[in-house]
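Q: This is the structure I want to talk about, given as C-alpha cells.
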Amino acid sequence: MANNTADHPPGNSVAEGNHDGDFGMTVMDLRGLMELRSAEAVNKIQDSYTDVQGICRRLKTSPIEGLSGNPVDLEKRHTAFGQNFIPPKKAKTFLQLVWEALQDVTLIILEIAAIISLGLSFYHPPGGDSEACGQVAGGVEDEGESQAGWIEGAAILFSVIIVVLVTAFNDWSKEKQFRGLQSRIEQEQKFTVIRKGQVIQIPVAEIVVGDIAQIKYGDLLPADGILIQGNDLKIDESSLTGESDQVRKSLEKDPMLLSGTHVMEGSGRMVVSAVGLNSQTGIIFTLLGASENDEEKKVKKTKTQDGIALEIQPLKSEDAAESEEKEEKEEAKPVKKVNVTKKEKSVLQGKLTRLAVQIGKAGLIMSALTVIILILYFVIDTFAVQGLSWVAECTPIYIQYFVKFFIIGVTVLVVAVPEGLPLAVTISLAYSVKKMMKDNNLVRHLDACETMGNATAICSDKTGTLTMNRMTVVQAYIGDTHYKAVPEPDAIKPETLEIMVNSISINSAYTTKILPPEKEGGLPRHVGNKTECALLGLVLDLKRDYQPIREEVPEEKLYKVYTFNSSRKSMSTVLKNADGGFRMYSKGASEIVLRKCSRILDAQGQPRIFKTKDRDEMVRKVIEPMACEGLRTICVAYRDFPAEAGEPNWDNENDILNELTCIVVVGIEDPVRPEVPEAISKCQRAGITVRMVTGDNINTARAIATKCGILLPNEDFLCLEGKEFNQQIRNDKGEVEQERLDKVWPKLRVLARSSPTDKHTLVKGIIDSTVGETRQVVAVTGDGTNDGPALKKADVGFAMGIAGTDVAKEASDIILTDDNFTSIVKAVMWGRNVYDSISKFLQFQLTVNVVAVIVAFTGACITQDSPLKAVQMLWVNLIMDTLASLALATEPPTESLLLRRPYGRNKPLISRTMMKNILGHAVYQLVIIFTLLFAGESFFDIDNGRNAPLHSPPSEHYTIVFNVFVMMQLFNEINARKIHGERNVFEGIYRNPIFCSVVLGTFALQIIIVQFGGKPFSCTALTIDQWLWCVFIGVGELLWGQLISAIPTHHLKFLKEAGHGTTKEEIHEEELTEGADEIDHAEMELRRGQILWFRGLNRIQTQMDVVYTFQTGQAPVPGALRRQPSVVSQHNDATAAKTLSSPTHVGLSSSSSLTNSAGAPPPAAAASSSTAGN
0 MANNTADHPP GNSVAEGNHD GDFGMTVMDL RGLMELRSAE AVNKIQDSYT DVQGICRRLK
60 TSPIEGLSGN PVDLEKRHTA FGQNFIPPKK AKTFLQLVWE ALQDVTLIIL EIAAIISLGL
120 SFYHPPGGDS EACGQVAGGV EDEGESQAGW IEGAAILFSV IIVVLVTAFN DWSKEKQFRG
180 LQSRIEQEQK FTVIRKGQVI QIPVAEIVVG DIAQIKYGDL LPADGILIQG NDLKIDESSL
240 TGESDQVRKS LEKDPMLLSG THVMEGSGRM VVSAVGLNSQ TGIIFTLLGA SENDEEKKVK
300 KTKTQDGIAL EIQPLKSEDA AESEEKEEKE EAKPVKKVNV TKKEKSVLQG KLTRLAVQIG
360 KAGLIMSALT VIILILYFVI DTFAVQGLSW VAECTPIYIQ YFVKFFIIGV TVLVVAVPEG
420 LPLAVTISLA YSVKKMMKDN NLVRHLDACE TMGNATAICS DKTGTLTMNR MTVVQAYIGD
480 THYKAVPEPD AIKPETLEIM VNSISINSAY TTKILPPEKE GGLPRHVGNK TECALLGLVL
540 DLKRDYQPIR EEVPEEKLYK VYTFNSSRKS MSTVLKNADG GFRMYSKGAS EIVLRKCSRI
600 LDAQGQPRIF KTKDRDEMVR KVIEPMACEG LRTICVAYRD FPAEAGEPNW DNENDILNEL
660 TCIVVVGIED PVRPEVPEAI SKCQRAGITV RMVTGDNINT ARAIATKCGI LLPNEDFLCL
720 EGKEFNQQIR NDKGEVEQER LDKVWPKLRV LARSSPTDKH TLVKGIIDST VGETRQVVAV
780 TGDGTNDGPA LKKADVGFAM GIAGTDVAKE ASDIILTDDN FTSIVKAVMW GRNVYDSISK
840 FLQFQLTVNV VAVIVAFTGA CITQDSPLKA VQMLWVNLIM DTLASLALAT EPPTESLLLR
900 RPYGRNKPLI SRTMMKNILG HAVYQLVIIF TLLFAGESFF DIDNGRNAPL HSPPSEHYTI
960 VFNVFVMMQL FNEINARKIH GERNVFEGIY RNPIFCSVVL GTFALQIIIV QFGGKPFSCT
1020 ALTIDQWLWC VFIGVGELLW GQLISAIPTH HLKFLKEAGH GTTKEEIHEE ELTEGADEID
1080 HAEMELRRGQ ILWFRGLNRI QTQMDVVYTF QTGQAPVPGA LRRQPSVVSQ HNDATAAKTL
1140 SSPTHVGLSS SSSLTNSAGA PPPAAAASSS TAGN
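Last residue of the sequence shown: 1173 (numbering that gives the first Met the number 0), numbering continuous.
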C-alpha cells in the first residue's frame, strides 16, 4: 500500500497568493466538485486537475506551507469564495414577542370582557325610567359618576398591557442572553490550520478556501475539503447521509471531506474547498431557508414530515433561547405522552405541567360557579323578589350588570391560574444559567440545570476530570532495571536510548508538542494528547530533543499509521527503510502491548526472548506495583520487517501487531486534583453516588478512586474490568439483561478498561433500572468522541471544555469550561436551588390563589360584588406573578442545599410541610379578610361598603380590605423564603438585593395606588392610623408563620401532596401504549445489543432537529417529543431487522437509492424525498 500522500510540487507557492488575478477555480467549480463522492470525485480530480496538487496550485496555496496569511490575500479569498459563517436566523422582534404574549387565553378573555365593559359604559339608554328597572340602577343618574364607567374597562386593558409587556420583555432579554451565550460558544470554537508553515489555531469563522487544515480524531469538520494526506482516516458521515457506517477516506478511493461530519479515527491534512453557505451544510441551510415560507403554509403536512439526516453547524443552535421556550410550551400540551427514552420532559417541567393543569381546572370551576351564582341571584332578586318585568329600555343596564358579573368571574379565573409559573421557571433558570457561567458551567440546554439538582448518580471519567490531566513519567523499566525515578541518560545503553527516543518522537501525533511556559518560571505547556506529552517530556528529561527527528522524518514519509482508538488501545507507525524493509514503532496500554511482545531489550541493549512466564513475572513485579501507586503504564515497542520477506499485508492487523520487541515500560503519573476529594465527599453527603468509568488498568483506577474518596475503607463495593462486567450482565446470547445489571450496578464504584459501549450500557442500565423507590437520575462526564452515546443517553451530559472533542460537546447538555469535577458539584447546587426557588414561588403563589379565589367567590355570592375589583386582582396578580417570581427565583444557593438527599423523580413539588404552610396562612388571611369585610366598618368606624350600586365611588371599607390583603401577601412573601419548615425566615435575606428591592418597591407602589389610585383602582385615600393597622395585620403573618412551623408536620396525615412526578406504573403503561414511532429505533437496537452508536448520535441528535427546523424554520434544539426517524434510517432499520445475522452484527443495506449516481448531493435528494415517513 502506498502512503496516502500526494507528491509535493517543488518550491512554495505561498508567494503566488499575493499576485493579483483570479484563482484557477470558481465557487461553482468547487461546488460541483464537492457534490461528487468516492470514485467519481477521484476521476473528476484526475481528469480536470491531474491531482489534489493541481487544485492547490489553482487555489494558490502550498500543501506543506499553507497560505501566507497576508490580509489582502485573505480578503480576496473572502470575496471570491465567501466566509465560513452561516448567518443566524433573525431574532424575533419585540413586537413579535408582544404578539405571542397576547395569545394567552386568560388575557384574551380579559381583553374581551374589558372591551365589552368599555362599549357598554359609553352606551346610554334613551330615556328609560330608572324606577322601572328596579333598585339595581341606583347611582346611575349621577351624571359625573356614569361618566366614569369606562375607567374599569380601561384599567383592565391597561393592566393587560403591563402583563404583556413584562412577559415580552422577559422573553426578549432571555433570547438576547442566549444569543450572547451562543456567540461565546462560537468564538471558542477553533480549528488547526497551517499558515506560513506554522501550525496555528484560528477561530472557525476565519477559515478561508485554500487553507490547509489539520484534522484529527474527534474533530468536527468546520468546512468542506479535499484530503491531501491521511493516516487511517475514518469519518462518520451519518449526519449528512444517514449511513451509520464509518467511511474510510484516502487519496485513491474517496478524498472528499464534508463539513459537519465527525472524524472517528486517524488524522490527516486537507485543503479547504468550500466554506459557509457553499459548504454541504451551508447548501442544506440555504434549502431550509428557502423552504421556510412554503413550510409555514404546509404546517399541517409538516407535522408528520420527516427530516433528512443532517446536522447543522453544531454548537451553533442560534435560536436556542426561543426554541427552548417554545419547546417548554409545546411539551406542555401533550401531557398524556411522556416518553421515557432519552430527553423526556425535565423532571420539574413534568411536575409543573401536571400541577398547572390541576390548578387551572379548579379555577375554571370556581369562576364558572361565581358567574352562575351572581347571575341567578340578580335575576331572582330583580324579577322574582321585586316582581319587575324585563323592559326594553332597561336591557343595557341589565347587560352592564351581566358584564360586571362576567368580569368578576374572569378575574377569579385569572387569579386562580398561576400564569406566573412559566415566568418563575424562566427567570430562575435564566438567572442560574448566567451565574453558572461564572462557576465554569456553560449550559447548552436550559432544563439540564434543573435536572442536575435531582441527580442521584454521577459516572465520571478519570483523566482530566478527577485528575489534573498533566501527565509526567515518574517510573520506568528499561534494560531489566526498574527505575523508581527517571534515570540519567548515561545509565541507559546508547542503542536502547536511540531506539526509544526515535520510537517516541515518530510514533506520536505530530500535533502533540511541549512548548515553553507562557510565564517565566511556569510549567511547560502541553499541547495535544497528554499521554504523548508525558512521553515527549521523558525524551526531554533524557536530554534529547524530538523536534530534529520529526523534521528528518516528516509526516509525509510515514508509510502507514495505525492511529489510537478505543478498541486497539495502541498506536503504531510504519517507516520504510532504505534497504526496502520496514520498521514499525508501537506504543499502548502495557498489558495489551506486552501480550504481543516476543522479545525484550536486555541490559546490553540486545533483544532476548520474552516468554509468557517472563511476561507474567513482569506484570507481577513491575506493572502491578506501578498501577497500585495510581500510575498509568505504557509499553513502547518496535518490530522490523526484513526486505527479503516482501511487503506484508498491512490490513491484517493481528499479524502486523505481533512479534514485537519491548523497549521500555513507563509509569505515568496524573495527580489527583487537590479539590476533588472534598467535592466527592460533598456529593456523597448530598446522596449522590460517584462512579468512576475509565479506560485505565484496574489497579491504577482503584488507586486513584481511593485517593479521590470514591472507594471508602470498610465499604462493600465492586471494582470491575469491562470484560468481567460484560460477563456478569450478558446472557448466553450476549444480550444485556436488566435483572443481571440490577445485581451489579448498585455496588459498582469503579469500571476499568471499559469501552464506550460499556459506559453506554452502564448509564442506560442505571436509568432504566426499577430497583429502589425512585428512578435514578444519572449525570455523565465525557471528553472523547466515543463518549457521545453515553452523554446523549444520560439525563445530564457534561463535556469537557478544554480536553473535550467537538463531538462530545455536541452530545452534551453542559460544558465544563475548566474540566473540573468541582464544577459539577456547583451544578448540583444550582440545580437544587432552581427546584427550591420554584417551590418557594409555588408556596407563595398558591396561598394568594386560595385566598383570592375564596374571597372573590364568597364575597360575590354573598354581597353580589367581589370585594377585590378586577383591577385590584390584576395588581395582586402582578405582585404574585412577575414581582414575586423575580424575588423568589433569584435566591442565591447555599452550601446547605448539599446536606439533603436528592428529591428524585416522583417526589411531589408541594411537600406536606409546604401544604401546611399554604393552608395555614390561607386560614389566617381568610379569617382577617372576612372579619374586615363583614365587621370592618364598625371596627374602623367608617361607612359600610357592601351592596354599593353600580358605578358608586370607591369606599374606604373596601380599600382597607384590599390594602390589608396586599400587606399580608408582602409579609407572607418573606415567609415563603423557607420551604423546609425553618424558623428563621430572614436568614441570608441581605444576600439577595433583588428580593429586598422587590418587597420595598411593591410596598411603595401599594402606597401610591391606595393614596392616588382613585377610581381606576377602586381605592380611596386612607389615614395614617388605618395604614398602621393594615401594616400591623400584615406583620401578624410573620408571627403566625412561627406558630405554623411549630406544628409538627407528621401529625397532619390528612394533608395531601401535589404535583407528583410520573409514577412507575404510568411509565410502563405509556411505554406499551406509545406506538413504535415514539420510541427511537436506535434505542431498540441498542437493547438488542447492536451497538451502532453513531446511529444514536446521528438520529437522536440531528434528525429531530431537522424535522423541527422544517416545521418552524428555527435552528435545532434537541427536543423530547419530536423523535421521528428519518426516511433513510427507517429504511436501514427495516433492512437491519430483516438481516440480523448474529447478536453482534447488523447487516445494513446501503441506502444508495437516495445518493443518486448523477451526483446530486445526498442532502438535496433526501430533502426532496422527505415525505411523511411514519
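Every residue gets a Cβ at the ideal spot worked out from N, C-alpha and C, and that includes glycine.
Using a Cβ-Cβ cutoff of less than 6 Å, which residues in the same chain neighbour residue 974 once the five nearest sequence positions on both sides are dropped?
A: Closer than 6 Å at Cβ, skipping near neighbours: 984, 1040.
Q: Nearest to residue 251 by alpha carbon, out of 359, 228, 263?
A: For residue 251, the nearest C-alpha among the options comes from 228.
Q: Report the rounded CA-to-CA distance for residue 1199 versus residue 991, giving the unit in angstroms.
A: The chain is shown only over 0 to 1173; residue 1199 falls outside these bounds and no answer can be derived.
Q: Taking just the CA atoms, how far does residue 790 sit from residue 760?
A: Spanning the two alpha carbons is a distance of roughly 12 Å.
Q: Measure the beta-carbon distance from residue 630 to residue 690 and round it to whole angstroms, keeping in mind my assumption that it falls under 8 Å.
A: Wrong, their Cβ atoms sit about 22 Å apart, outside the cutoff.
Q: Any contact of the stretch 954 to 962 with the stretch 1015 to 1025, i.e. 3+ C-beta pairs under 8 Å?
A: Yes: the two stretches touch, three or more of their Cβ pairs being nearer than 8 Å.
Q: Could you pull the start and end residues of the beta strand (DSSP E) that residue 813 belongs to?
A: From DSSP, the beta strand (DSSP E) with residue 813 extends over 813 to 815.
Q: Tell me the rounded alpha-carbon separation between residue 928 and residue 371.
A: One C-alpha to the other measures close to 24 Å.
Q: Please work out which residues of its chain come closer than 7 Å, Cβ to Cβ, to residue 508, disregarding the five sequence neighbours upstream and downstream, and give them in chain order.
A: Excluding residues within five positions, the ones whose Cβ falls inside 7 Å are 215, 266, 527, 528, 531.
Q: Taking the straight line between their C-alpha atoms, what separation do you get for residue 792 and residue 87?
A: Between residue 792 and residue 87, the C-alpha separation is close to 29 Å.
Q: Can you check whether the CB of residue 1035 is closer than 9 Å to the CB of residue 970?
A: Contact: yes.
Q: Where in the stretch 442 to 485 do unbroken runs of the alpha helix (DSSP H), each at least 4 residues long, occur, reported from the N-terminal end onward?
A: DSSP runs (the alpha helix (DSSP H)) wholly in the stretch 442 to 485: 445 to 450.
Q: Can you find the residues in the same chain that come closer than 7 Å, C-beta to C-beta, to residue 476, ignoring five residues on each side of it along the sequence?
A: Taken in chain order, the residues that qualify are 621, 663, 664.
Q: Could you say which of 801, 659, 166, 899 lies nearest to residue 454 if we only look at CA atoms?
A: Closest option to residue 454, Cα to Cα, is 899.
Q: Report the three-state DSSP secondary structure of residue 638 (helix, strand or coil).
A: If DSSP states are grouped into helix, strand and coil, residue 638 belongs with the strands.
Q: Who are the near neighbours of residue 222 in its chain, counting only those whose CB is closer than 6 Å to its CB and skipping five residues on each side?
A: So the list reads 83, 206, 258, 271, 274, 278, once near-sequence residues are dropped.
Q: What does the Cβ neighbour count give for residue 588, buried or exposed, with the cut at 16 atoms within 10 Å?
A: Under this definition residue 588 is a buried residue.
Q: At which residue ranges does the stretch 186 to 261 contain complete alpha helix (DSSP H) runs of 4 or more residues, listed in the order of the chain?
A: For the stretch 186 to 261, whole alpha helix (DSSP H) runs of length 4 or above, ordered along the chain, are 237 to 240.
Q: Starting from the N-terminal side, write out each stretch of the alpha helix (DSSP H) that is 4 residues or longer and does not extend beyond the stretch 788 to 839.
A: Whole alpha helix (DSSP H) segments, 4+ residues: 805 to 810.
Q: List, from N- to C-terminal side, the beta strand (DSSP E) runs of 3 residues or more that fit wholly inside the stretch 498 to 567.
A: Qualifying beta strand (DSSP E) stretches, in chain order: 512 to 514, 524 to 526, 559 to 561.
Q: When you compare the CB positions of residue 830 and residue 817, do they come within less than 9 Å of one another, or not?
A: Contact flag unset, no.
Q: Quick check: what's the CA-CA separation for residue 143 versus residue 100?
A: At residue 143 the pLDDT is 42, less than 50, meaning the model places this residue with poor confidence; the figure from the coordinates comes in the next sentence. Near 36 Å, if we compare the C-alpha coordinates of residue 100 and residue 143.
Q: If you draw a straight line from the alpha carbon of residue 682 to that of residue 871, how long is it in whole angstroms?
A: Those two C-alpha atoms are separated by around 47 Å.
Q: Going by C-alpha distance, which of 765, 102, 253, 541 is nearest residue 50?
A: Residue 253 is the option with its Cα nearest to residue 50.
Q: Can you check which of these residues, 401, 444, 98, 363, is closest to residue 813 by C-alpha distance?
A: When each option's Cα is compared against that of residue 813, the closest is 444.
Q: With a CB to CB cut of under 8 Å and the five nearest residues on each side skipped, what residues in its chain are close to residue 768?
A: Excluding sequence neighbours, residue 768 sits near 737, 740, 741, 744, 774, 775.
Q: CB residue 543 to CB residue 488, shorter than 9 Å?
A: Yes; because the gap between Cβ atoms is below 9 Å, this pair is in contact.
Q: Which residues does DSSP pair with residue 91 in a beta bridge?
A: Answer is none; residue 91 lacks a bridge partner.
Q: First and last residue of the beta strand (DSSP E) that includes residue 586?
A: Taken as a continuous stretch (DSSP letters only), the beta strand (DSSP E) holding residue 586 covers 581 to 588.
Q: Would you report the Cα separation of residue 376 and residue 860, rounded to the nearest angstrom?
A: Between residue 376 and residue 860, the C-alpha separation is close to 8 Å.
Q: If I measure Cβ to Cβ from residue 1181 and keep anything under 8 Å in the same chain, skipping five residues before and after, which residues do I get?
A: Missing from the structure shown is residue 1181; the chain here goes from 0 to 1173 and no further.
Q: Taking the CB atoms as reference points, tell me whether residue 696 and residue 751 lie closer together than 9 Å.
A: Yes, they are a contact pair.
Q: Sorted by chain position, which residues of the same chain lie with C-beta nearer than 6 Å to residue 247's C-beta, five sequence neighbours on each side aside?
A: These residues qualify, in order along the chain: 233.
Q: Nearest by alpha-carbon distance to residue 437: which of 825, 1044, 1026 is it?
A: It is 825.
Q: Nearest to residue 25 by alpha carbon, out of 77, 67, 762, 518?
A: Cα-wise, what sits closest to residue 25 is 77.
Q: Which residue from 998, 906, 868, 930 puts its Cα closest to that of residue 1014?
A: Per the Cα distances, 868.
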